[in-house]
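Participant: Each residue of the sequence shown is one higher than the one before, counting from 1 in our numbering.
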Amino acid sequence: MASSTFLALAAARRSIRKYTAAPVAREKLEICLEASRLAPSACNAQPYRFIVIDEPGLKEKFCAGVFAGVYSACKFAAAAPVMVAVVSDTGKLSAWLGNQVQDTNFRLVDIGIAAEHFVLAACEQGLGTCWLGWFDAKAAARALGLGAGKKVEVLLSVGYPDETPAPRKRKTIKEFAGYNNEL
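1. Just to confirm the assignment, what range does the alpha helix (DSSP H) spanning Leu29 have?
2. Is the separation between the beta-carbon of Phe135 and that of Leu108 shorter than 9 Å?
3. Taking the beta strand (DSSP E) that Cys130 falls in, what are its first and last residues?
4. Report the CB separation of Asp110 from Ala22 in whole angstroms; it is logged as a contact under 8 Å.
5. By alpha-carbon positions, which one of Gln100, Arg13, Ala8, Thr5 ends up nearest to Glu116?
6. Exposed or buried, which one is Val70 when buried takes at least 16 other CB atoms within 10 Å?
7. Should Gly145 be flagged as near chain C, meaning a C-beta pair shorter than 9 Å?
8. Any heavy atom of the ligand COA closer than 8 Å to the beta-carbon of Tyr48?
9. Would you mind listing the beta strand (DSSP E) stretches within the segment 113–168 that are 3+ residues and don't spill past its ends, in chain order?
10. Using only CA atoms, which one of Asp103, Lys138, Val158 lies nearest to Arg17?
11. Could you compute how far the alpha carbon of Ala44 sits from the alpha carbon of Leu38?
12. Here's a check: name, in chain order, each residue in its chain whose Cβ is nearer than 7 Å to the Cβ of Thr20, leaving out the five neighbours to either side.
13. Do Ala25 and Phe50 have their C-beta atoms within less than 9 Å of each other?
14. With a 10 Å radius around its C-beta and 16 neighbouring C-beta atoms as the bar for buried, classify Ala10 as buried or exposed.
15. What residues in its chain sit with their C-beta under 6 Å from that of Val66, if we drop five residues either side in the sequence?
16. Quick one: measure Cβ to Cβ for Val82 and Ile53, integer angstroms, because I've assumed they're closer than 8 Å.
Take a look at the structure:
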């Protein structure tokens, strides 16, 4: 197989659950946000907003609310110096139409693409991230002052890794893909 910088980046990315206390420069976060901005979306609707929480006191308060109770399994993320809330705009017509016609939530597909662009750009700069779906979304919305039609879909913890997780076993290509009718 030919050498690929992208494949090396994809292989290097890990879910990081331990972070150093070193602050993350906003210039690095801007690069991650630019990568997300360039992500494709259905009908170019871009039905999301990225809210970067990097002020320590605000982040601590935010995390205390969203990782409480049954959501405490993800409280490790509070140690990251940055938390990114990816907020969906549920009022975008293209997302609504796709959901009605094809029973596909394109808003979530678009968020996944944009957030993964962010995560890969972070990895390229030596930052670690972890996708977080287990959090109190209502507490997150309250903390961020979100109005109707806005929902925090995913959180990304961001910081410098204080661990080097081993590569996880992955399926072979033949186990998850095929050509034409091979599945």
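Ideal Cβ placement from N, Cα and C applies to all residues, glycine included. Remember, predicted model here, so these are calculated numbers, not experimental data.
Facilitator: Per the coordinate set shown:
1. 26–37
2. no
3. 128–132
4. Contact doesn't hold; Cβ gap of about 32 Å is too wide.
5. Arg13
6. exposed
7. Annotation note: the requested chain C is absent from the structure, which comprises a single protein chain.
8. Ligands in the displayed structure: none, and consequently the ligand COA is not present.
9. 128–132, 150–159
10. Val158
11. First, the amino acid is wrong: residue 44 is Asn here, not Ala. Answer to the nearest angstrom: the Cα atoms are 10 Å apart.
12. Gly159, Tyr160, Asp162
13. no
14. exposed
15. Phe135, Asp136, Ala139, Ala140
16. 7 Å
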